[in-house]
Amino acid sequence: MSDKQSLTVLVTGASGGIGSAIATLLAERGHRVFLQGRNAARLQHLKASLPFSARHRVMPADLLDVEQRTALVRECAEVDGGVDVLINNAGISSFALLSDMSDSALSGLLNTNLLVPMALTRDLLPLLQRSHSGAIINIGSAFGHIGHPGFSVYSASKSGLHGFTESLRRELSDCGIRVHYLAPRAVDTDLNTEAVIGLNRALGNKSDSPREVAMQCVQLLDSRTGRRRFIGWPERLFIKVNALFPALVDSVLAKKMPLIRQYATQELQSANHPISSSGEAL
Ligand SMILES: NC(=O)c1ccc[n+]([C@@H]2O[C@H](COP(=O)([O-])OP(=O)(O)OC[C@H]3O[C@@H](n4cnc5c(N)ncnc54)[C@H](OP(=O)(O)O)[C@@H]3O)[C@@H](O)[C@H]2O)c1
């Protein structure tokens with residue numbers, strides 16, 4: 049790939065399953081990646097595994113911390129060539145009934161999955177505007193389009209991210225920055241706990257590899273005109289059915305509630321319940 053086609057891409061959550069797969073595929077395609085996440089050791093390990101390792105950079109930061117986020121944006125601005133593409137991928141999940149969620153769990157989820165992408169995008173806009181290929185890709189979820197019991201706050205965060213993406217795409221339409229949205233279904237990563245994996249199996253939900261999601265993400269970036277993409281069949285159909293006939297989906301999911309409660313209880317009783325590791329408010 050010539051230097052002209054080679055983009056510099058900031059991937060948040062690059063230490064995680066989907067982020068590392070996206071960063072790897074981008075590097076394989078000749079792009080330069082800025083690897084963002086909290087776990088510096090994992091980011092260094094990923095960087096060392098990438099083709100043309102020396103081109104890439106590790107940029108550890110807790111994005112919930114305003115000072116660390118500001119320092120990240122400053123570092124991006126100081127690097128020669130700037131940043132062409134921001135992939136807002138960092139995220140957390142929580143499988144819990146609403147009645148079991150604390151205030152800090154609510155704010156941790158909403159801040160990480162919704163406020164952070166908004167704030168980071170705003171702060172990087174001047175840099176993205178300097179690029180001839182400026183683009184933003186927000187990683188949402190099928191659950192942002194099918195409100196799922198046990199994931200009400202996660203679903204709300206991803207639904208909000210979709211609304212943000214759509215509005216921003218229109219707002220930036222005369223600025224030359226493309227704004228995309230990618231909604232995976234379940235993916236085989238550490239985001240999903242044993243209880244979530246068990247629930248998915250019991251419900252017959254299929255899951256994809258992080259590499260598959262990365263391929264869809266890079267295709268979206270290459271397509272230039274693609275606005276949003278939903279991964280997986282029959283999930284794409286369910287999303288349409290849910291939009292047209294929500295009462296139908298209400299009654300299907302109502303029948304699954306005993307199963308969902310059973311796995312939510314398992315999750316609550318497990319030591320690594322994600323709501324206990326949620327971040328602080330912005
Ligand atoms: N896995 C799924 O089933 C699935 C399905 C649909 C959508 N998604 C979405 O895909 C995205 C990636 O998820 P994943 O499955 O790859 O999860 P993952 O393996 O748990 O990775 C999550 C990433 O987010 C980073 N992160 C979380 N909080 C952060 C913070 N405060 N500051 C900086 N980085 C932070 C983590 O960093 P550290 O590890 O370094 O702390 C990690 O790199 C998320 O937005 C998720 O909602 C996932």
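Counted the way my numbering counts, the sequence shown spans residues 49 to 330. Even glycine gets a Cβ: it sits at the ideal position worked out from N, Cα and C. Since this is a predicted model, take the numbers as computed values, not measurements.
Proximity below 7 Å, CB of residue i to CB of residue j
{"i": "histidine 180", "j": "glycine 192", "result": "no"}
{"i": "cysteine 265", "j": "leucine 230", "result": "yes"}
{"i": "aspartate 132", "j": "threonine 56", "result": "yes"}
{"i": "serine 189", "j": "leucine 158", "result": "no"}
{"i": "valine 235", "j": "serine 203", "result": "no"}
{"i": "valine 227", "j": "isoleucine 184", "result": "yes"}
{"i": "proline 165", "j": "asparagine 186", "result": "yes"}
{"i": "arginine 259", "j": "alanine 69", "result": "yes"}
{"i": "phenylalanine 278", "j": "isoleucine 287", "result": "yes"}
Which residues DSSP lists as bridging residue i, in chain order
{"i": "alanine 183", "result": "Val133, Arg226"}
{"i": "proline 108", "result": "Gly85"}
{"i": "threonine 313", "result": "None; threonine 313 has no bridge partner."}
{"i": "serine 255", "result": "Ala234"}
{"i": "arginine 80", "result": "Thr56"}
Run of the alpha helix (DSSP H) containing residue i, from where it starts to where it stops
{"i": "glycine 274", "result": "Unbroken run through glycine 274: none, as it is neither H nor E."}
{"i": "threonine 118", "result": "114 to 126"}
{"i": "threonine 213", "result": "200 to 219"}
{"i": "leucine 23", "result": "Since the displayed the chain opens at 49 and closes at 330, residue 23 lies outside it and no answer follows."}
{"i": "threonine 169", "result": "164 to 178"}
{"i": "alanine 153", "result": "151 to 158"}
{"i": "arginine 103", "result": "Counting along the chain, arginine 103 falls outside any alpha helix (DSSP H), and DSSP gives it neither H nor E."}
{"i": "leucine 301", "result": "294 to 303"}
Whole-Å CB distance - residue i paired with residue j, under 8 Å assumed
{"i": "leucine 94", "j": "leucine 83", "result": "6 Å"}
{"i": "leucine 91", "j": "alanine 62", "result": "6 Å"}
{"i": "serine 141", "j": "leucine 239", "result": "5 Å"}
{"i": "alanine 262", "j": "isoleucine 66", "result": "7 Å"}
{"i": "glycine 182", "j": "isoleucine 225", "result": "4 Å"}
Contact set for residue i: own chain, Cβ-Cβ below 6 Å, skip 5 residues either direction
{"i": "methionine 49", "result": "Since pLDDT at methionine 49 reaches only 48, below the 50 mark, its modelled position is unreliable, and the value read off the structure follows with that caveat. Within the same chain, methionine 49 has close Cβ partners Gly78."}
{"i": "asparagine 87", "result": "Ser63"}
{"i": "arginine 309", "result": "none"}
{"i": "arginine 178", "result": "Gly130"}
Neighbourhood of residue i by C-beta, 7 Å cutoff - its chain only, sequence neighbours within 5 removed
{"i": "proline 197", "result": "Leu301, Met305, Ile308"}
{"i": "leucine 220", "result": "Val227"}
{"i": "threonine 313", "result": "none"}
Other residues of its chain near residue i: CB distance less than 8 Å, five sequence neighbours each side excluded
{"i": "serine 89", "result": "It is alanine, not serine, that sits at residue 89 in the sequence shown. Result list for alanine 89: empty, nothing under 8 Å."}
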